[in-house]
Each structure stands twice: as C-alpha cells, then as structure tokens.
Amino acid sequence: MDNPTPKTLRGRHFFANPGPTNIPDSILRAIDRPTLDFNDPDFMPIYRDVFAGIKRVVGTKHHLFMYTGSGHAAWEATLTNLLSPGETILVVESGYFSEEWGKMAAAHGVEVQTVAADWRHGVEMPRIREALEADRGHVIKAVCVVHNETATGLMIPPAEVRAAIDAAKHPALFLVDTISSLASLEFRMDDWGIDAVVGGSQKGLMNPTGMSFTAVSDKGFAAHKKAKLGRYYFDWSVMLTRKPHESFVGTVPINAFYGLREAVRLLEEEGMDGVVARHHRLAEGVRRAIAVWAGNNGPQLFCTNPARVSDSVTAVWMPEGHDADALRRTARTRYNVSLGGGLGKLSGHVFRIGHMGDLNEPMVLGTLAAIEMALRVNGVPHGKGGVEAAMAYFAG
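Reading the sequence shown from the start, the letters are residues 43 to 438 in the working numbering.
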C-alpha cells in the first residue's frame with residue numbers, strides 16, 4: 043500500500059510533538075503500580091521527595107503548590123491566588139499561549155494590558171520598561187511572561203525581563219510560564235527574582251499530562267493573602283490546612299508522584315547543566331537542517347531572531363501555497379512520525395518539531411528524515427541535504 047493508514051504502520055512511533063513528550067520506560071515502570079492510600083506512611087517520603095525535587099529543578103527554596111490538572115490549571119490557580127477583581131496585569135506578547143493567558147485573566151475580571159511584539163522576532167526589552175514607567179500609579183500588579191512560547195518556537199529571557207522591571211522601579215509581581223521550558227532550558231527562579239512560576243508534568247518533566255504546579259516567592263505569597271478572586275480547589279490557603287500534604291484539596295494522584303520522582307532522578311543523574319546542553323545541541327541540529335531546507339524558497343525557521351530561538355521546540359514556516367497540515371499528515375500516515383501543528387492564526391502555515399524531554403540524536407535524525415521525505419512527497423520546494431547538515435553537526 044502506497045499510503046498506509048496509521049493502523050497498518052509497523053515499528054516504533056516517532057513522537058516529535060512539542061508536548062506531551064516521550065515518556066521514558068523507567069517512568070512508565072514507576073507509574074505502573076497498585077494504588078496506595080495517599081495517607082499511608084509509605085507514601086509520605088515519596089510526596090516529600092517530589093516536592094523537594096521539583097523545587098530543585100525550578101531553582102527555588104520558597105513555596106510550591108501542586109494540582110491535578112494541566113498547565114492551564116496552574117495558570118488559573120496562579121491568577122486567582124494572586125489577584126483581585128478589576129486589578130491589572132501586563133502580558134508580554136509572544137504567541138498563542140501569551141494570548142491565552144490574557145484571555146483567562148480577562149475571564150476572571152482582570153484588566154489586561156499587552157506589550158505588543160512581533161511573533162517571529164520577540165519583544166524588545168525597552169518596551170517592557172516603557173510600559174511600566176508609564177504606569178506611575180502602579181496599577182499593574184503583575185507582569186506575565188511565557189518563557190518559551192510553544193506555538194512560535196520563541197524564547198523570552200526571564201533575567202532580562204527582571205532587569206527591565208527593576209530599571210522601571212516597578213513593584214509588580216513577575217510571573218513566568220515554564221510549561222515548555224522547565225527541564226529543557228536554563229531556569230533559576232530565585233536567582234532571577236521571579237515571584238510565581240507555572241509548570242506542568244508533560245514536557246521537560248517527561249510525564250503524562252495531568253499534573254501542574256506553581257512555585258511562589260514570599261512576595262507572591264504575601265500578595266496571595268490579599269487577593270480576592272474566587273477560588274477554592276486551587277486556594278493555596280485552603281491547601282495549607284490539608285495536613286500532612288499541604289496541597290491537593292481533593293484526592294492526591296498517587297501514581298503521578300512515582301512518575302515525577304523518577305523524572306527528577308533522571309534529570310539529576312544527567313545533571314541540569316547536561317540537560318540544558320543536550321537540548322541546545324539537539325535544537326541546533328534541527329536548525330541546521332531547516333537552514334538547508336530554506337534554500338530554493340523552502341520552509342524557514344518561524345523565529346527570525348537568533349538570540350530568541352527555542353531549544354525545546356522549533357516552529358517551521360511553510361512556503362506560500364503549501365499546507366503545513368498536509369505535510370504533517372504525510373509524516374504521520376506514511377512514516378509514523380507525529381509533528382505539532384500551527385495554533386491559532388498559524389494553523390496550516392506552521393508545523394512544529396518538539397525536541398524536549400527524553401530524546402537523542404538518532405531520534406531527531408529520524409524525525410528530520412521523515413520531514414525531508416514528506417517535503418518531497420508533497421512537492422514542497424526545499425534545499426536538499428538538511429538531514430546531512432544535522433548529521434554533520436552532531437558528528438562534529
């Protein structure tokens with residue numbers, strides 16, 4: 043059969059989507075266990091190990107609250123615990139997910155200001171400083187930044203945002219979404235003066251979707267005590283009354299904790315510096331391939347700013363008149379490779395290559411080879427030899 047359906051394909055499925063990500067076998071084995079009472083004394087060391095481990099990965103000694111829910115749940119928990127109705131936040135535009143964060147805040151009665159930015163280039167830091175300096179009455183209560191914008195393959199450096207806030211002498215809280223950056227890109231919450239960090243289980247932490255968390259500074263927790271937005275299941279003060287867990291208003295997801303403990307073990311076994319270096323190396327190999335494909339008016343990196351390219355996900359802009367989703371279908375149905383699609387206004391124009399979590403050079407090369415074949419099958423103009431360029435980089 044020339045174009046088999048996914049059901050007829052053989053061999054390992056190559057999952058190159060930017061989230062969720064591949065789950066290592068050792069994490070699957072860790073999760074695969076009988077149910078245990080979450081109040082059982084045998085579980086408490088697991089619980090404490092995970093909280094301590096996630097804090098180390100985030101780079102904080104402050105508060106941590108965990109939730110049964112995806113990253114969107116952590117967004118909502120963070121907004122409702124830190125803000126009151128009618129207060130204002132400043133969202134730094136980076137793509138689809140920065141827009142989503144703003145929409146969620148607006149749905150809760152929060153006023154949203156935006157620092158506009160080109161999705162392909164990224165925000166200029168003076169724009170953030172100017173917006174804060176213009177707020178002489180300190181109406182803005184929080185600055186919200188997506189560290190790594192999954193939809194555009196664009197990174198915003200939190201340390202530079204912190205410097206812009208400090209230069210404006212503004213007291214706003216600094217909130218950072220690390221859903222597609224944590225355990226992939228360098229991140230240091232306390233060192234960078236971040237007040238709230240939103241994270242999830244299904245990307246750099248290599249676990250199934252369904253766990254998320256917020257790490258909170260002392261300044262952030264002080265703001266929480268005054269915040270008036272409605273909440274209960276996500277209320278940090280309520281969580282702290284639920285001894286001995288001090289999180290989870292409802293049932294604790296036991297098996298997820300075993301998976302997260304194994305994820306922390308794997309990350310620390312490699313070393314966080316090694317994890318960051320590996321992600322950069324794999325991402326650069328992908329970028330070398332795309333640079334070749336861009337010849338002959340072919341696909342291009344969506345992010346045009348070399349200082350802002352993501353090391354966990356690459357968005358690829360298709361040539362005019364060619365459908366990114368058609369290319370993704372060919373990769374999936376002929377070669378058993380799953381790629382991410384464009385989100386929002388980028389739908390059909392962009393495909394995305396996830397290169398975060400549990401993967402290595404051969405896995406990346408397999409994905410790139412499938413893409414290069416799909417470009418040929420779909421008649422998409424492109425420069426030849428992208429996979430060879432990635433191989434040369436990895437071998438070098």
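All C-beta atoms, glycine included, are put in the ideal place defined by N, C-alpha and C.
A quick note: this is a predicted structure, and the numbers were derived from the prediction, not measured.
Environment of residue i [buried if 16+ CB atoms lie within 10 Å]
{"i": "TYR274", "result": "exposed"}
{"i": "ASP219", "result": "buried"}
{"i": "MET231", "result": "buried"}
{"i": "GLY399", "result": "buried"}
{"i": "GLU166", "result": "exposed"}
{"i": "ASN81", "result": "exposed"}
{"i": "LYS211", "result": "exposed"}
{"i": "MET253", "result": "buried"}
{"i": "LYS387", "result": "exposed"}
{"i": "HIS189", "result": "buried"}
{"i": "GLU362", "result": "exposed"}
{"i": "ARG52", "result": "exposed"}
{"i": "ARG320", "result": "buried"}
{"i": "ASN378", "result": "buried"}
{"i": "LYS103", "result": "exposed"}
{"i": "ALA58", "result": "buried"}
{"i": "SER140", "result": "buried"}
{"i": "ALA311", "result": "In the sequence under discussion, the amino acid at residue 311 is Glu, which differs from the Ala named in the question. Burial call: exposed."}
{"i": "GLY421", "result": "exposed"}
{"i": "LYS183", "result": "buried"}
{"i": "VAL181", "result": "exposed"}
{"i": "ALA412", "result": "buried"}
Residue i and residue j closer than 8 Å at C-beta
{"i": "GLY137", "j": "GLU191", "result": "yes"}
{"i": "GLY235", "j": "ARG284", "result": "no"}
{"i": "LEU121", "j": "HIS150", "result": "yes"}
{"i": "ARG376", "j": "GLY95", "result": "no"}
{"i": "ALA416", "j": "ARG330", "result": "no"}
{"i": "VAL328", "j": "VAL99", "result": "no"}
{"i": "ALA116", "j": "GLY262", "result": "no"}
{"i": "THR63", "j": "GLN244", "result": "yes"}
{"i": "ALA336", "j": "GLY425", "result": "yes"}
{"i": "SER222", "j": "GLY61", "result": "yes"}
{"i": "ASN402", "j": "ALA269", "result": "no"}
{"i": "LEU215", "j": "ALA257", "result": "no"}
{"i": "ASN249", "j": "ILE69", "result": "yes"}
{"i": "ALA119", "j": "LEU385", "result": "no"}
{"i": "ARG394", "j": "GLY382", "result": "yes"}
{"i": "ALA325", "j": "THR356", "result": "yes"}
{"i": "ARG374", "j": "SER380", "result": "yes"}
{"i": "MET406", "j": "MET360", "result": "The sequence given here has Val at residue 406, not Met. Cβ atoms of VAL406 and MET360: not closer than 8 Å."}
Close beta carbons around residue i, own chain, < 8 Å, minus the five adjacent residues each side
{"i": "MET43", "result": "Legend: pLDDT at MET43 = 41, less than 50; position of this residue unreliable, value from coordinates given subsequently. If we look at MET43 and ignore the five residues flanking it on each side, its Cβ neighbours are THR50."}
{"i": "VAL157", "result": "LEU132, VAL133, VAL134, GLU135, VAL165, ARG169, ILE170, ALA173"}
{"i": "ALA159", "result": "VAL134, GLU135, SER136, VAL165, GLU166, ARG169"}
Start and end residues, alpha helix (DSSP H) containing residue i
{"i": "PHE266", "result": "A small correction: the amino acid at residue 266 is His; Phe does not occupy that position in the sequence shown. Segment 260 to 266, the alpha helix (DSSP H) holding HIS266."}
{"i": "PHE436", "result": "428 to 437"}
{"i": "ARG98", "result": "86 to 100"}
{"i": "VAL334", "result": "314 to 335"}
{"i": "GLU288", "result": "It is not in any alpha helix (DSSP H) - GLU288 carries neither H nor E in the DSSP assignment."}
{"i": "GLU142", "result": "138 to 149"}
{"i": "MET281", "result": "278 to 282"}
{"i": "SER389", "result": "Counting along the chain, SER389 falls outside any alpha helix (DSSP H), and DSSP gives it neither H nor E."}
Beta strand (DSSP E) segment containing residue i, residue limits
{"i": "GLY383", "result": "379 to 383"}
{"i": "MET108", "result": "105 to 110"}
{"i": "ALA238", "result": "238 to 242"}
{"i": "PHE393", "result": "392 to 396"}
{"i": "THR356", "result": "355 to 359"}
{"i": "ALA411", "result": "From DSSP, ALA411 is part of no beta strand (DSSP E) but of the alpha helix (DSSP H) over 403 to 419."}
{"i": "GLU153", "result": "153 to 157"}
Sequence-distant residues of the same chain with beta carbon closer than 6 Å to residue i, five excluded per side
{"i": "ALA201", "result": "TRP234"}
{"i": "PHE93", "result": "LEU106"}
{"i": "SER289", "result": "PHE107, MET108, MET281"}
{"i": "LEU410", "result": "ALA331, VAL429, ALA432"}
{"i": "THR251", "result": "PRO62, SER112, GLN244"}
Own chain partners of residue i with C-beta closer than 7 Å, once the 5 adjacent residues on each side are dropped
{"i": "VAL154", "result": "ILE131, VAL133, GLY144, ALA147, ALA148"}
{"i": "ALA225", "result": "VAL99, GLY246, LEU247, LEU309, VAL317"}
{"i": "PHE255", "result": "ILE96, LEU106, PHE107, MET108, TYR109, ALA116, GLY241"}
{"i": "ILE88", "result": "PHE299, TYR300, ARG303"}
Which residues DSSP lists as bridging residue i, in chain order
{"i": "CYS15", "result": "For residue 15 there is no data in the structure shown, the boundaries of the chain being 43 and 438."}
{"i": "THR122", "result": "DSSP lists no partner for THR122."}
{"i": "MET167", "result": "According to DSSP, which records beta bridges pairwise, MET167 is partnered with nothing at all."}
{"i": "PHE255", "result": "MET108, GLY241"}
{"i": "MET197", "result": "ASN190"}
{"i": "LEU224", "result": "Answer by DSSP bridge pairing: none, since LEU224 is not bridged."}
{"i": "PHE56", "result": "VAL379"}
{"i": "VAL351", "result": "LEU196"}
{"i": "LEU343", "result": "VAL358"}
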